[in-house]
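Have a look at the structure below before the remarks.
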Amino acid sequence: MYLLFCLYFVLGIVIGSFLNVCIYRLPLGISVVKPPSACGSCGHRLGPLDMVPVLSYIFLRGRCRYCKAPYSPRYLLVELLTGILFALCGLYYLPGLKIALVFFFVACLIVQAFIDLDHQILLDEILMLMLPTGIIYAYYALPDMWDALYGALFAGGLMLLIFLLSRGGMGAGDVKLSFVLGVWLGLKSSIVCLMLAFILGGVIGVLLLVTGIKQRKDPVPFGPFLCIGAYIALLFSPYLIYFYWSLFV
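Positions 91 to 339 (our numbering) are the ones given, in order, by the sequence shown.
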């Protein structure tokens with residue numbers, strides 16, 4: 091089992107390296123296949139030894155081999171984050187189709203979260219990939235397909251209501267993402283996802299205001315909180331629901 095977790099971690103950091111490319115290129119409308127990866131400072135094409143996940147960043151000390159320009163530590167963060175999240179999925183899913191779909195879901199969450207942090211947008215192209223795969227996942231993992239429909243209507247409907255009432259305070263991308271997340275999670279886990287997203291968003295928002303990092307009128311993307319809430323709800327919602335009800339019963 092430990093060997094399997096290590097395999098999932100290695101798979102995650104490899105995919106995380108590709109996700110870094112997606113996070114940078116997709117918002118700019120650049121193909122993720124070509125041109126080949128190159129240093130953003132000197133433009134030198136990167137060789138295989140420059141792109142070994144995690145290890146290249148560590149051995150090169152976060153700098154380009156050719157011009158010595160520093161790379162953002164976020165490249166390392168995304169690779170490690172993907173590896174850790176994949177390994178955690180191995181605690182709850184056996185090898186097979188469901189965990190493959192979950193890995194795809196997690197990868198999409200990571201890309202959407204970081205793109206939203208950088209550009210305050212959630213890409214429809216990724217949502218269009220998440221929706222059909224979510225339907226397939228719901229068929230195999232949820233009690234029935236009605237649960238997926240109820241989750242989508244609840245999450246998407248609630249966020250649509252907030253979008254209309256806030257008059258621009260909530261983005262349309264958050265509404266569409268919530269609808270897709272509802273398909274993946276079902277009704278109960280969608281409730282947990284949104285609760286976690288609002289709690290995390292509120293706490294982080296207050297901290298940003300108190301520390302002066304953000305001003306009252308500065309936009310704070312909500313997509314990353316939805317993505318964090320979705321991942322936690324996907325794996326831990328039964329335990330969180332049980333803990334919540336145990337406080338009252």
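Heads up, the beta-carbon is just placed ideally off N, CA and C, and yes, glycines get one too.
Who are residue i's beta bridge partners in DSSP?
i, result
"residue 160", "153"
"residue 320", "BP columns for residue 320 are empty, so no partner."
"residue 128", "135"
Around the Cβ of residue i, are there at least 16 other Cβ atoms within 10 angstroms (buried) or fewer (exposed)?
i, result
"residue 179", "buried"
"residue 329", "exposed"
"residue 308", "exposed"
"residue 158", "exposed"
"residue 333", "exposed"
"residue 172", "buried"
"residue 236", "exposed"
"residue 220", "buried"
"residue 335", "exposed"
"residue 256", "exposed"
"residue 182", "exposed"
"residue 169", "buried"
"residue 303", "exposed"
"residue 280", "buried"
"residue 216", "buried"
"residue 269", "buried"
"residue 224", "buried"
Can you check whether the CB of residue j is closer than 8 Å to the CB of residue i?
i, j, result
"residue 282", "residue 323", "yes"
"residue 249", "residue 265", "yes"
"residue 278", "residue 230", "no"
"residue 260", "residue 194", "no"
"residue 102", "residue 176", "yes"
"residue 290", "residue 318", "yes"
"residue 227", "residue 191", "yes"
"residue 267", "residue 202", "yes"
"residue 98", "residue 199", "no"
"residue 326", "residue 287", "no"
"residue 104", "residue 115", "no"
"residue 272", "residue 244", "yes"
"residue 174", "residue 117", "no"
"residue 140", "residue 146", "yes"
"residue 152", "residue 138", "no"
In this structure, how does DSSP classify residue i when only helix, strand and coil are distinguished?
i, result
"residue 224", "helix"
"residue 202", "helix"
"residue 304", "coil"
"residue 115", "helix"
"residue 290", "helix"
"residue 121", "coil"
"residue 328", "helix"
"residue 211", "coil"
"residue 243", "helix"
"residue 184", "coil"
"residue 259", "coil"
"residue 309", "coil"
"residue 86", "Because residue 86 is not part of the residues shown, which for the chain are 91 to 339, the question remains open."
"residue 314", "helix"
"residue 282", "helix"
"residue 232", "coil"
"residue 144", "coil"
"residue 218", "helix"
"residue 249", "helix"
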